[in-house]
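Residue numbers (the numbering used here): 43 to 434.
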């Protein structure tokens, strides 16, 4: 019987139109969701005022113990969505792992840990980031002490389960964040390996920007009658972000334009997506790329968060999951290669009602791409006004 149900679910999901389930209730305020008092305090202390579209729809079914598939991208508030659901159902009196969160990169796993600890600030919650590239002994010590939530990458998490340092007997929920990215990075086998060790009644919450066949196959194996929630593109947080373009006739003029622009800005917040050449123009900048040792990347992120470095140069690889609250301006020195990446880049700013500004440097042959992005997101990107500094 179970396998027949699974087949039905798979057929339903492979529908091209992935729509939100009909029975999903939209709850407009955090107060009405039915959250515990100490968690509500943490939510408001974190700076949230009103739930985003995905939070209004997905927190409640997660709290009720339903399996959930949320199709959502960066900038929608997805991390806080499952974090709130996770914190609501924890029994902090029991110092055992009750929730396991898997994500594709170490940075994202640490980011999630920080969000859990911040939102759960009044709950005495223990949350550990279980990631590769870190001291194995420290991992073992933390896990032996007892962690309510473990946020990690599939390889290290599976290793800890196999070594029996991460006990799975009390796990009630598995969260798969950016599931499509995990599959792209070749984590499929490890995810299945981890899943096999979990209690059969484990609730599964899956978040993915896209829903390729492999994801649907996974949901059919891991889930029972899941609630489906689609956050459509026009609900992503381009809202609250003022977008502009600067026409630059030649590639080599972009740097001068950038330096002129940066001189006019009096903001203390960081500027994202610039180029190495700013150093030559005597600007203090950091850069981050995938070949860097983990320690170095951590140190750079720490500097950037604390404000020691005002500029972080990075690539699309890091567009997902680097959520720095103070970022108010993103400059696309080059337009992204595809329009889907645009939201990942500028989804950094303006999250959850915070204002932000995105400025795109556009050569003549980029105008077509810019108009395509405008149309795709049903948004407007105007030429940059002289008083742009006042808007930030």
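All residues carry an ideal CB built from backbone N, CA and C; glycine is no exception.
Treat the numbers as computed from the prediction; the structure is a model and nothing was measured.
For a test of the three-state rule: what should DSSP assign to residue i, helix, strand or coil?
i           : result
residue 189 : coil
residue 273 : coil
residue 207 : coil
residue 229 : coil
residue 96  : helix
residue 200 : helix
residue 131 : coil
residue 69  : coil
residue 212 : coil
residue 167 : coil
residue 430 : helix
residue 136 : coil
residue 179 : helix
residue 174 : coil
residue 78  : coil
residue 106 : coil
residue 265 : coil
residue 84  : helix
residue 300 : helix
residue 125 : helix
residue 348 : helix
residue 64  : coil
residue 377 : coil
residue 418 : helix
Return the CA-CA distance between residue i and residue j, expressed in angstroms with no decimal places.
i           : j           : result
residue 119 : residue 96  : 7 Å
residue 157 : residue 124 : 10 Å
residue 271 : residue 99  : 7 Å
residue 407 : residue 197 : 43 Å
residue 153 : residue 173 : 12 Å
residue 233 : residue 114 : 20 Å
residue 222 : residue 418 : 21 Å
residue 366 : residue 192 : Only weak support exists for where residue 366 lies, its pLDDT of 49 falling under 50; the coordinates are left without a value.
residue 213 : residue 328 : 39 Å
residue 244 : residue 208 : 16 Å
residue 311 : residue 188 : Low confidence applies to residue 311: its pLDDT is 31, below 50, so where it sits in the model is not reliable, and the reading given next is rough at best. Spanning the two alpha carbons is a distance of roughly 37 Å.
residue 217 : residue 151 : 11 Å
residue 133 : residue 431 : 47 Å
residue 205 : residue 166 : 27 Å
residue 77  : residue 410 : 47 Å
residue 71  : residue 90  : 11 Å
residue 181 : residue 203 : 12 Å
residue 301 : residue 267 : 54 Å
residue 177 : residue 183 : 10 Å
residue 276 : residue 269 : Note on residue 276: pLDDT 39, under 50, position unreliable in the model; no value is reported.
residue 350 : residue 62  : 43 Å
residue 31  : residue 73  : Because the chain spans 43 through 434 in this model, residue 31 falls outside it and cannot be assessed.
residue 303 : residue 415 : 23 Å
residue 354 : residue 344 : 11 Å
residue 75  : residue 92  : 11 Å
Classify residue i as buried or exposed, calling it buried when 16 or more other Cβ atoms lie within 10 Å of its own Cβ.
i           : result
residue 190 : buried
residue 171 : buried
residue 422 : exposed
residue 103 : buried
residue 341 : exposed
residue 428 : exposed
residue 335 : exposed
residue 127 : buried
residue 148 : buried
residue 254 : exposed
residue 284 : buried
residue 402 : buried
residue 374 : buried
residue 162 : buried
residue 21  : As displayed, the chain neither begins before 43 nor continues past 434, which places residue 21 out of reach and without an answer.
residue 290 : buried
residue 337 : exposed
residue 296 : buried
In terms of DSSP beta bridges, what is residue i paired with?
i           : result
residue 249 : 112
residue 424 : 286
residue 217 : 143, 247
residue 328 : 354
residue 404 : 289
residue 194 : 144, 172
Throw me the rounded Cβ distance for the residue i and residue j pair, which I believe falls under 8 Å.
i           : j           : result
residue 109 : residue 260 : Rounded, the Cβ-Cβ distance is 12 Å, inconsistent with contact.
residue 146 : residue 220 : 5 Å
residue 372 : residue 388 : 5 Å
residue 210 : residue 239 : 5 Å
residue 111 : residue 248 : 5 Å
residue 412 : residue 404 : 5 Å
residue 105 : residue 140 : Not confirmed; about 14 Å, so no contact.
residue 144 : residue 175 : With a Cβ gap of about 16 Å, residue 144 and residue 175 do not count as contacting.
residue 164 : residue 83  : 5 Å
residue 286 : residue 424 : 6 Å
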